[in-house]
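Scroll down for the structure; my scribbles are underneath it.
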Amino acid sequence: MKPRPFDYVRPESVDEAVAILAEHGDDAKVLAGGQTLLAMLNLRVVEPVVLVDITRIGELGDVREVAGKIEVGAAVTQNRLLSWPALAEKQPLLAAALPFVGHFQTRNKGTVCGSVAHADPTSEIPLSLAVLEGEVVLRSQRGTRVLPAADFQQGMLTTAREPDELITAVRFPVVKGGVAFREVARRHGDFAIVGVAALAEGKDSIRLGVAGMVERPSVTRIRGSSASDIRDAIERLAWKLEGYDDVHASARMRRDLLRGIAPVVIEEALRCAA
């Protein structure tokens, strides 16, 4: 299939882009990497009146450290962030998670903010943003607002972004502590069945994030570092999240995957923090 006819505009600035969004609202779609949007256009899952291409807006193409946070502009590709020289030192969780995002070719086009905007509950970047308690920067003609990750992603493919708002950046705090990331997929680069990320804030406190179990990333704090404490916390979490059945896995399989992956990820994060 091919998309229905639409107008294409390529604004030169953020101000011009948000003016177009203010005029068209829900009838406009933003194009950054297009790795998901173009497929949805071809399948006519979305039928915009106007496509707003932000890839040439220079101010959206930077990765920079600001006030202890790594700010990633809306036009920055996943491979661009992965190749940022300070990434492994400043944000090792992203350095561990990004290689699991699709394939090298798709990461050359797919953007970091685009993944956050799409809000797939199995996605690695929204999971990392949630675990790190990062922020999403949104701009419209009404001004700029900054939302915590926990408030931004509201459900499956659902966010708090208003139709006239443009995501201009996401911010990941610089990490102090051990981190680890693992996921299970049918093949490397496929959508994750279950993904797990951990941030060890100390030897007795772990921030554990899980993707693929419910409609958005779930983040839980686990207190205690003994094997029994961790095992009991993971068991409670598995039953709390429950999981769901689809063509890729049953809810039971998802719970079993979580039970298997989470202890390994937590152990690795604690070891890195030591």
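First residue of the sequence shown: 194, per this note's numbering; consecutive thereafter. Virtual Cβ for every residue (Gly too), placed ideally from N, Cα, C.
Euclidean distance between Cα positions of residue i and residue j
i, j, result
"Ala442", "Ala353", "29 Å"
"Arg414", "Glu209", "42 Å"
"Gln284", "Leu331", "22 Å"
"Lys396", "Leu325", "17 Å"
"Phe199", "Val242", "5 Å"
"Asp438", "Pro204", "43 Å"
"Ala455", "Val202", "45 Å"
"His266", "Ala290", "It should be pointed out that residue 266 corresponds to Gly in this sequence rather than to His. Straight-line Cα distance between these residues: approximately 18 Å."
"Arg335", "His217", "15 Å"
"Leu231", "Ser308", "14 Å"
"Leu253", "Thr361", "6 Å"
"Arg300", "Ala288", "13 Å"
"Val440", "Arg379", "12 Å"
"Asp220", "Ala462", "44 Å"
"Arg197", "Leu244", "12 Å"
"Val294", "Ala420", "31 Å"
Three-state secondary structure (DSSP) of residue i
i, result
"Leu315", "First, the residue type needs correcting, since residue 315 is Thr and not Leu in the sequence shown. Looking at Thr315 - three-state DSSP - the assignment turns out to be coil, as it is neither helix nor strand."
"Phe345", "helix"
"Ile454", "helix"
"Lys262", "strand"
"Asp255", "coil"
"Val363", "strand"
"Gly371", "strand"
"Ala268", "coil"
"Leu325", "coil"
"Thr299", "helix"
"His217", "helix"
Check whether residue i and residue j have beta carbons under 8 Å apart
i, j, result
"Val269", "Ile263", "no"
"Asp313", "Leu350", "yes"
"Ala390", "Ile459", "no"
"Glu258", "Gly348", "no"
"Leu450", "Val372", "no"
"Arg364", "Gly327", "yes"
"Thr248", "Ala225", "yes"
Strand pairing of residue i, partner residues [DSSP]
i, result
"Thr351", "Gly348"
"Asp184", "Residue 184 lies beyond the range of the chain shown here (194 to 467); nothing can be said about it."
"Arg332", "Thr337, Leu359"
"Val412", "Gly402"
"Asp208", "In DSSP, Asp208 forms no bridge with anything."
"Tyr201", "Leu244"
"Ala391", "Ala373, Leu401"
"Thr304", "Thr270"
Outcome for residue i when other beta-carbon atoms lying within 10 angstroms are tallied against a minimum of 16
i, result
"Phe374", "buried"
"Gln271", "buried"
"Val457", "exposed"
"Lys222", "buried"
"Met194", "exposed"
"Asp357", "buried"
"Leu434", "buried"
"Val339", "exposed"
"Ala260", "exposed"
"Leu430", "buried"
"Leu234", "buried"
"Val238", "exposed"
Neighbour flag for residue i against chain B, beta carbons, 8 Å
i, result
"Gly307", "Structure shown: chain B not included; a single protein chain is present."
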